[in-house]
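Visitor: Residue numbers (my numbering): 168 to 578.
1) Have a look at residue 278 and residue 387 and give me their C-alpha separation to the nearest angstrom.
2) Please state the DSSP three-state secondary structure of residue 449.
3) For residue 345, write down the residues that DSSP places opposite it in a beta bridge.
4) In chain order, what residues of the same chain have a beta carbon less than 6 Å from the beta carbon of residue 402, not counting five sequence neighbours either side?
5) As a quick exercise: from 285, 380, 173, pick the residue whose alpha carbon is nearest that of residue 413.
6) Under DSSP, the alpha helix (DSSP H) around residue 207 begins and ends at which residues?
7) Tell me whether residue 308 sits in a helix, a strand or coil according to DSSP, three-state version.
8) Quick one: any contact between the segment 180–194 and the segment 208–219, if contact means 3 or more CB pairs under 8 Å?
9) For residue 381 versus residue 352, is the C-beta spacing smaller than 8 Å?
10) What residues in its chain sit with their C-beta under 6 Å from that of residue 538, if we drop five residues either side in the sequence?
11) Roughly how many angstroms lie between the CA atoms of residue 558 and residue 199, to the nearest whole one?
12) So, for residue 178: in the same chain, excluding its five sequence neighbours on each side, which residues have a beta-carbon less than 7 Å away from its beta-carbon?
13) By alpha-carbon positions, which one of 235, 510, 545, 390 ends up nearest to residue 521?
14) Tell me which residue opens and which closes the beta strand (DSSP E) that residue 372 is part of.
15) Helix, strand or coil for residue 529, going by three-state DSSP, please let me know.
16) Is the beta carbon of residue 238 closer than 8 Å to that of residue 466?
17) Contact between the segment 528–543 and the segment 490–497 is defined here as three or more beta-carbon pairs at a separation below 8 Å; is this criterion met?
18) Please classify residue 196: does DSSP put it in a helix, a strand, or coil?
19) With distance defined between alpha-carbon atoms, name the residue in 213, 491, 391 nearest to residue 481.
20) Only counting runs of 3 or more residues, tell me where the beta strand (DSSP E) segments fall wholly within the segment 497–543, in order along the chain.
21) Under the rule that 16 or more other beta-carbon atoms within 10 Å means buried, what is residue 229, buried or exposed?
22) What is the rounded straight-line gap between the Cα of residue 440 and the Cα of residue 168?
23) Please report the straight-line C-alpha distance between residue 233 and residue 563, rounded to a whole angstrom.
24) Looking at the secondary structure, which residues open and close the beta strand (DSSP E) in which residue 253 lies?
25) Relative to the C-alpha of residue 568, which candidate in 357, 448, 513, 204 has its C-alpha closest?
26) For the beta strand (DSSP E) containing residue 462, list its first residue and its last residue.
27) With residue 277 as the anchor, note down where its alpha helix (DSSP H) starts and where it stops.
28) Are at least three pairs of beta-carbons, each pair with one atom in the segment 330–342 and one in the segment 293–310, less than 8 Å apart?
29) Take residue 535 as the anchor and find which of 511, 550, 502, 333 has the nearest alpha-carbon.
30) Quick check: what's the CA-CA separation for residue 376 versus residue 306?
31) By DSSP, does residue 356 sit in helix, in strand, or in coil?
32) Out of 247, 281, 213, 415, which has the shortest C-alpha to C-alpha gap to residue 171?
33) How is the alpha helix (DSSP H) around residue 268 delimited, first residue to last?
34) Could you spell out where the beta strand (DSSP E) holding residue 560 opens and where it closes?
35) Tell me where the alpha helix (DSSP H) around residue 242 begins and ends.
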């Protein structure tokens with residue numbers, strides 16, 4: 168039986184509680200460049216953590232704090248906080264879901280955070296290490312090896328003899344930390360870097376020591392909660408609109424092969440896993456690992472409801488050249504495209520995209536129905552997009568001439 172509380176399997180729940188308390192009690196103005204938490208806020212938060220990052224100053228940026236970089240993506244991915252525009256900056260504001268999270272039991276909080284990490288965060292964005300390689304494609308094989316390991320037996324990653332596991336995980340960088348925070352293993356940093364001038368965030372590990380918790384949970388996580396099926400940002404990159412966690416991925420066999428899932432089985436292994444349904448809660452396969460009654464619920468995960476009403480957009484080509492467009496919640500992004508074309512007298516003879524976070528490149532993108540990749544603009548209603556007043560969308564028309572329009576939701 169596994170124990171989950173403020174100090175087991177790690178202090179992740181204790182540190183996360185301190186993190187969200189700070190966010191609730193301070194006005195968190197995000198940086199302009201990346202919309203990260205400011206260095207001043209992080210420096211103050213760092214002093215409250217179980218293991219503060221050493222040698223930081225008020226100018227140290229978020230991607231030098233692995234724990235805070237993870238927590239930042241968890242509060243946004245789990246919709247505990249949201250970005251709200253105020254004047255020319257974005258600020259973090261708590262949502263109604265935060266209280267629901269705080270009312271959960273410790274095991275329920277842990278598995279909600281694990282679910283958010285597994286399902287709602289983009290692992291490319293999470294990898295803030297120097298080399299920036301995401302382990303997404305090889306995670307199934309890593310979990311297979313982890314499930315076969317002996318808890319407490321240290322694995323040295325700097326030995327001359329390199330086995331498959333060492334080769335798989337040597338470049339995990341920040342994911343060494345992340346799996347450590349969730350209690351899968353303990354990690355010892357490699358303190359003797361090559362003579363190259365690597366920045367502090369270029370993390371390498373001397374060794375990992377698998378835990379009972381990690382060895383126990385890894386086979387279930389791999390078999391029951393296959394990352395390729397459960398990670399929604401990844402599935403959206405493949406062009407799916409509103410993918411359901413756990414549902415089959417189009418071309419699933421190809422993606423499993425790319426992920427390096429060799430279906431290894433430990434000799435004599437008797438683990439049998441019964442596949443659940445896509446609408447099962449994430450925590451369901453893990454209920455039997457904790458005491459009865461400790462893991463019964465989580466936060467709701469369902470499709471967003473249509474936000475009915477009239478949407479007013481200010482569409483600007485330049486500061487002095489703009490048009491105002493009104494559409495209903497039932498109109499699609501295709502209707503918005505057509506309205507912009509008419510308002511500016513274009514001929515609608517090129518491909519285009521809407522970048523919902525206002526950035527190029529972006530994975531939050533809807534494309535022309537004639538584009539090879541989706542999701543396409545004609546399948547999504549404006550009222551389903553969960554837009555907020557002040558949100559800026561980038562509309563790009565004609566990939567040759569690159570006409571860029573700033574689309575701001577005014578009301």
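Each residue gets a CB set at the ideal place from its N, CA and C atoms; glycine is no exception.
Guide: Let me spell this out:
1) 13 Å
2) coil
3) None; residue 345 has no bridge partner.
4) 410
5) 285
6) 206–213
7) helix
8) yes
9) yes
10) 518
11) 14 Å
12) 217
13) 545
14) 372–377
15) coil
16) no
17) no
18) strand
19) 491
20) 519–522, 532–534
21) buried
22) Any answer about residue 440 is weak, because its pLDDT of 44 lies below 50 and its placement is not dependable; what the coordinates show is given next. So the alpha carbons of these two residues sit roughly 18 Å apart.
23) 34 Å
24) 248–253
25) 513
26) Taken as a continuous stretch (DSSP letters only), residue 462 belongs to no beta strand (DSSP E), as it is neither H nor E.
27) 273–286
28) yes
29) 502
30) 17 Å
31) strand
32) 281
33) 264–269
34) 559–564
35) 233–244
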